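See below for the structure under consideration.
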Amino acid sequence: MSRIVHRTSAVHEFGRPHTPPLLEALRWRKATILSWIVIALAVSATGLLLARPRYTATAELLLGVSSVGAAAASTALVESQIETLRSDHLARSVIDKLGLWSDATLACESHGLLDQLFGAGDPCSAPATASVDRDAVLAHFKNATSARRSGRSFVANVSFTSTDPQKAAAVANALATAYVDYRARIQARGVEQAGARLEGHIARVREKSAAASEAIDKLKDGEARKQTPPDDEVRSLESQSQAYRSIYRALLDRYTKSVEEQASPVSEARVISEALPPTRWSTPNVPLVLLLGACAGGLIGIAAAVRKEYIARPVRSLEQIERDIGLRALGIVPLVEGRRLLPASQQAPPLLLHDRGDALRGIKIAVNEVCPPDSSVIGVVSAYQGEGKSTVAFNLAVLEAENGKRVLLIDANLHRPSLGLSLTRGTLLPPLEGRAALSESVTQNELGFDFLGECAAEPPLHPAVLLGSSAMRDLIGSARDLYDCIVCDLPNVLGHADVQAAADVFDALVLVTEWGRTPSAAATRAALKSTVISERLVGVIINKAPLGRDVMA
70 MSRIVHRTSA
80 VHEFGRPHTP
90 PLLEALRWRK
100 ATILSWIVIA
110 LAVSATGLLL
120 ARPRYTATAE
130 LLLGVSSVGA
140 AAASTALVES
150 QIETLRSDHL
160 ARSVIDKLGL
170 WSDATLACES
180 HGLLDQLFGA
190 GDPCSAPATA
200 SVDRDAVLAH
210 FKNATSARRS
220 GRSFVANVSF
230 TSTDPQKAAA
240 VANALATAYV
250 DYRARIQARG
260 VEQAGARLEG
270 HIARVREKSA
280 AASEAIDKLK
290 DGEARKQTPP
300 DDEVRSLESQ
310 SQAYRSIYRA
320 LLDRYTKSVE
330 EQASPVSEAR
340 VISEALPPTR
350 WSTPNVPLVL
360 LLGACAGGLI
370 GIAAAVRKEY
380 IARPVRSLEQ
390 IERDIGLRAL
400 GIVPLVEGRR
410 LLPASQQAPP
420 LLLHDRGDAL
430 RGIKIAVNEV
440 CPPDSSVIGV
450 VSAYQGEGKS
460 TVAFNLAVLE
470 AENGKRVLLI
480 DANLHRPSLG
490 LSLTRGTLLP
500 PLEGRAALSE
510 SVTQNELGFD
520 FLGECAAEPP
530 LHPAVLLGSS
540 AMRDLIGSAR
550 DLYDCIVCDL
560 PNVLGHADVQ
570 AAADVFDALV
580 LVTEWGRTPS
590 AAATRAALKS
600 TVISERLVGV
610 IINKAPLGRD
620 VMA
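Quick note: the sequence shown uses my numbering, first residue 70, plus one each step.
Right, dumping it as structure tokens:
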């Protein structure tokens, strides 16, 4: 029975595949998160470099509501004055006064949030003409204008934003002055209307006072003719006449004051402090843009990290191997920084993994448990290219040679013969094609083993046919008579059919996975590629694992 079938059945008892904790997954993928943060910061910095700086000038203005009284000057009344500052009437008057209908920046299209953050967007290359949309200019002017109440006071801050600091200050001051003038006109109009009403009241009171005086004169004339009027009537008329004269004098005083106010009106609204040309731009907000960029990059990085970790579920522990893949976990080979399998300099030693610990020796012992004691043929495979199977095969051959065994290392990866192009030349194709004997094709390595591999830059026409041919079986049979251990570096299982074609030649197959890169599903597909492969797989190696207790557990 296939080893993998037996172990896979045990996997189903555990239920669904295990997923790592979120914090652990983010820690393992911190390089991905940091990369996205750096990319986002680079994009934000580029936007800042291309942005046009904008300046905001602010004038302080006392609103014309103080005479109403603190109790009556409610929030609604103050807000009504703020809306007056934002009205189209004042905006049009300022645009007319400063001649901004032909201003190029106001005729340009607004860019919304991006424009507010970066000050981005290309300025108009030509000034606006008479045919420009005046409504659009008015809308852009109002977008650049801001009027806000200062706390709970009667003071408002009037601001204008422009690429020109001088223009920003001029427009803010013009808008504040326009509001003061508007309030003065409103106040003068009120005084004028009150004066007109007083004139009407004065005329009516004067008429009534004159009528009362005339009635008193008539009564006095009657008394002269010996027609004595009633005393009550005389006193009533005199009292009425005196009241009319008092009202007349009071109305006349009020009218005189209103005329004086109309002649020299004083507005309650006034400018507290004029806007000055700003020396520092208001947009783009550099700290805010960089912070938002870093946050966006971090969120994208976290999403990418979670997707990679929870969807791909890369191999990271021995427990995961046995639980998700259903194969025996042979061990973990740590990553050796700064070392190459076969360095270019002859003075540097080759990458011997067992000089970092006994992980590879334990793997060799596990492989020898299922291989014949006299002569064993071991194939080293992987799901994908570049997961380190050539390094593992090389080190297995070195370990067996150090134990005094006769070892033959074969680079059977005819698609990409990394060992064949690096070690002392040994040709594999002539023995497979019947043009040379095995003993004539191998070369001896200084590390104590013989090597057989192909160094041709171009692969043969059908590598899978060659590895599955009778010539390959005869070659392995001849090697069994000459060597105690034969280690073969084979192509990746999921990319080629070579291993499937020649799997029955080997006594044991070892699947090499890369820590944090090989998905569990890919390793499972490689193990289940064929029944012959699954029957000969003795276990899985986790290669290139970073050093640490949490990884080696």
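No residue lacks a Cβ here, since even glycine has one placed at the ideal position from N, Cα and C.
Quantities reported herein were computed from a predicted structural model and do not represent experimental measurements.
Asked, Found
"With DSSP as the reference, label VAL439 as helix, strand or coil.", "coil"
"Taking DSSP's pairing of strands, which residues face ILE102 in a bridge?", "DSSP output for ILE102 lists no bridge partner at all."
"Could you tell me the boundaries of the alpha helix (DSSP H) in which LYS166 lies?", "157-167"
"Between VAL375 and ASN226, what straight-line distance do the alpha-carbon atoms span, to the nearest angstrom?", "47 Å"
"Do TRP97 and GLU378 have their C-beta atoms within less than 8 Å of each other?", "yes"
"In terms of residues, what are the limits of the beta strand (DSSP E) holding ARG480?", "Inspection of the sequence shows that residue 480 is occupied by Asp rather than by Arg. Here the beta strand (DSSP E) through ASP480 covers 476-480."
"Just the Cα atoms here: how many angstroms apart are GLN416 and ARG397?", "Any reading at GLN416 must be qualified, since the residue scores a pLDDT of 49, below 50, and its modelled position is unreliable; no value is offered."
"By Cβ distance below 6 Å, which residues in the same chain neighbour TYR453 in space, the five residues on each side in sequence not counted?", "ASN561"
"Leaving out the 5 sequence neighbours to the left and right, which residues in its chain are closer than 6 Å to TRP105 when beta-carbon positions are compared?", "GLY366, ILE369, GLY370"
"Taking Cβ positions, are ALA247 and ALA126 nearer each other than 8 Å?", "no"
"Quick check: what's the CA-CA separation for GLU152 versus THR214?", "12 Å"
"Per the DSSP calculation, CYS557 is bridged to which residue(s)?", "GLY448, ILE479"
"Do GLU570 and ALA533 have their CB atoms nearer than 8 Å?", "Here the sequence assigns Ala to residue 570, which means Glu is not the residue at that position. For ALA570 and ALA533, yes; Cβs fall inside 8 Å."
"Check PHE210 in the structure and name its three-state DSSP category.", "helix"
"Is it right to say HIS158 is buried, meaning 16 or more other beta carbons lie within 10 angstroms of its own, or is it exposed?", "exposed"
"Determine whether the beta carbon atoms of VAL450 and LEU597 lie at a separation below 8 Å.", "no"
"Pull up the distance between the alpha-carbon of ARG203 and that of TYR251, whole angstroms please.", "22 Å"
"Do ALA614 and VAL402 count as a contact pair if the criterion is CB distance below 8 Å?", "yes"
"Whole-angstrom Cβ separation of VAL249 and GLU129, contact assumed at under 8 Å?", "12 Å between Cβ atoms; not a contact."
"Output needed for LEU404: all residues of its chain with C-beta closer than 7 Å, excluding positions within five of it in sequence on either side, in chain order.", "LYS613, ALA614, PRO615"
"Measuring CB to CB, does VAL384 end up less than 8 Å from THR582?", "yes"
"With distances taken Cα to Cα, identify the nearest neighbour of PHE520 among ASP550, GLY503, ILE555, ILE610.", "ILE555"
"In terms of alpha-carbon separation, which member of ILE434, LEU110, ARG218 lies closest to VAL147?", "ARG218"
"Name, in chain order, the residues that DSSP records as bridge partners for TYR453.", "The partner list for TYR453 (beta bridge, DSSP) is empty, contrary to what the question assumes."
"In the DSSP assignment, find the unbroken beta strand (DSSP E) run with SER342 in it and report its ends.", "339-342"
"Cα separation between ASP567 and LEU498?", "15 Å"
"Ends of the alpha helix (DSSP H) at ASP202?", "Segment: none, ASP202 is in no alpha helix (DSSP H) and carries neither H nor E."
"For LYS458, report the span of its alpha helix (DSSP H) as first-last.", "458-471"
"When the distance is taken between beta carbons, is ASP553 closer than 8 Å to GLY522?", "no"
"Only counting the same chain, and skipping five residues up and downstream in sequence, which positions put a Cβ closer than 8 Å to that of ILE610?", "LEU399, GLY400, ILE401, VAL402, ILE432, VAL461, VAL579, LEU580, VAL581, THR582"
"The beta strand (DSSP E) with ILE610 in it runs from where to where?", "606-614"
"Who are the near neighbours of GLU469 in its chain, counting only those whose CB is closer than 6 Å to its CB and skipping five residues on each side?", "VAL476, CYS554"
"So which of LEU154, SER589, TYR124, PHE229 has the shortest CA-CA distance to GLU388?", "SER589"
"What do you get for LEU360, buried or exposed, if any count of 16 or more other CB atoms within 10 angstroms of its CB means buried?", "exposed"
"Could you name the residues of the same chain whose beta carbon sits closer than 8 Å to that of SER445, not counting the 5 residues immediately before and after it, in chain order?", "VAL436, ASN437, ASP553, CYS554, ILE555, ASP576, ALA577"
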